[in-house]
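Report on one structure; see the data block that follows.
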Amino acid sequence: MSNFNLITTNGAARAGELTTAHGIIPTPVFMPVGSQATVKTLVPDEIRALEAPIILSNTYHLYLRPGVDIIKKLGGLHRFMDWNGAILTDSGGYQVFSLSALSTVSDEGVAFRSHIDGSSHFITPEKAVALQEGFGSDIAMVLDEPSPSDAPSGKVREAMERTHRWAERCLTAHQRNDQQLFAIVQGGFDRSMRRCSVEFLSSLDFPGYAIGGLSLGEPKELTWEMVRHTTQYLPSRKPRYLMGVGSPEDLIEAVGLGVDMMDCVLPTRVARNGALFTRRGRININNAAFREQGAPIEESCDCYTCTHFSAAYVSHLFHAQELLAYRLATIHNLRFMVRLMQDIRTAILSGAFDSFRQQFMSDYRITDEEVRIAQKQKWIKARKPEID
């Protein structure tokens, strides 16, 4: 029996329900990121108040600290972090890419040095599964190998085929009946390899499929070309997860291409730098224009921040470097994302997704593409660990 119920489609956009051991997740859905068993600055009750049904945690970081044995001893990841909603754990495959200076990949697995203390570690597909089973997450991901956007074709194929072999090993090793294991499609920016990856992984009949190896600094038009090409071959009755996408306009674009699930550190990370989402676009609360604004950040927003405080107050907190600033900004940005996905789902169910998308994009000012690419490439070049 499938754990995913596809309720309706509106063009390529889909509305469904994903059943997990910790509740039913309405889709499409955005997953806030809590890499180290916490969504930065927030307590679980605040995340629940945002109406976020699922969060993402990071296997690589939790493996290094506090370690799977401690989490298991204390009752599993849900109890450890006092979260009664669903949890998706990634496998650490992305860290193979982002921390490539510290890692060596072979068919057997990944050897790497900890970015924390330099200690040596080795992760096999079987160990990646065992770690996530130990955490007790609702959705686990196979170990995969993404390819950089500038990788030569031969290297992309090698990584894709290794990802396929690892996926088979993960599936064989997986034992928990209360946990769903998702495969990850690779293939870089080669259309034929993307199709090959989908067809191979679909033959293994995983409960869900992620699209990996995108949003790594390439132009967005190339991202969407690959997503559009990949989704047309994915099983229609299985959930589709686009990894690492999190700007408001990208959520809308991804849903329009048939994606059900997304995650990204962007909303929480930019919040801590004073960048706040509104239906008009991203604003910088540090700008002088907000220092005397008695109205909230956004009049129509129902988040705790907007219903209790003025933009001037939030601006003051940032200028004073008060810790509450980061908390209130994070609450606002995540509630914005959750509400956006709720509105998108409502539009799909009523057959009005295209008109909703057109209206949203006509009002929303998008961050400059050249600036976005430059910022992403700068981060990738530094190869810093993705922690949020």
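So the sequence shown is numbered by the working numbering: it starts at -14 and just counts up by one.
The C-beta atom is built at its ideal place from N, Cα and C for all residues, glycine as well.
Just so it is clear, the structure is predicted and the values come from calculations on it, not from any experiment.
Item: Reference residue 170; option with closest CA among 163, 181, -10 and 164; Value: 181
Item: Residue 293 to residue 272 span [Cα, whole Å]; Value: 21 Å
Item: Residues that residue 169 bridges to, as DSSP identifies them; Value: 195
Item: Sufficient close CB pairs (3 or more, under 8 Å) joining the stretch 227 to 242 to the stretch 195 to 213; Value: yes
Item: Extent of the continuous beta strand (DSSP E) run through residue 39; Value: 39 to 43
Item: Among 261, 340 and 270, the one whose alpha carbon lies nearest that of residue 322; Value: 261
Item: Minimum C-alpha distance to residue 47 - residue among 189, 23 and 220; Value: 23
Item: Environment of residue 252 [buried if 16+ CB atoms lie within 10 Å]; Value: buried
Item: Exposed unless 16 or more other CB atoms sit within 10 angstroms - verdict on residue 117; Value: buried
Item: Sufficient close CB pairs (3 or more, under 8 Å) joining the stretch 143 to 156 to the stretch 107 to 126; Value: yes
Item: Simplified DSSP state of residue 123, which is helix, strand or coil; Value: coil
Item: Sequence-distant residues of its chain with Cβ nearer than 6 Å to residue 226 (five each side left out); Value: 195 and 246
Item: Collapsed DSSP secondary structure at residue 54 in the structure displayed; Value: helix
Item: Beta-carbon contacts of residue 257 that lie in its chain and below 6 Å, excluding the five residues immediately before and after; Value: 311
Item: Euclidean distance between Cα positions of residue 209 and residue 238; Value: 8 Å
Item: Whole-Å CB distance - residue 319 paired with residue 3, under 8 Å assumed; Value: Residue 319 to residue 3, Cβ: 20 Å. No contact.
Item: Segment contact, 8 Å Cβ cut-off, at least three pairs: the stretch 94 to 109 with the stretch 51 to 58; Value: no
Item: Local conformation of residue 347 per DSSP, three classes; Value: helix
Item: Counted within 10 angstroms of its Cβ, other Cβ atoms place residue 139 as buried (16 or more) or exposed; Value: exposed
Item: From 244, 234 and 207, residue whose alpha carbon lies closest to that of residue 219; Value: 244
Item: Integer Cβ distance of residue 62 from residue 8, believed to fall under 8 Å; Value: That pair is no contact at about 15 Å.
Item: Reduced DSSP category for residue -9 - H, G, I as helix; E, B as strand; rest coil; Value: strand
Item: Cβ-based burial, residue 166 [other Cβ within 10 Å; buried from 16]; Value: buried
Item: Where the beta strand (DSSP E) containing residue 18 begins and where it ends; Value: Per DSSP, residue 18 belongs to no beta strand (DSSP E) and is neither H nor E.
Item: Bridge-paired residues (DSSP) for residue 88; Value: 97
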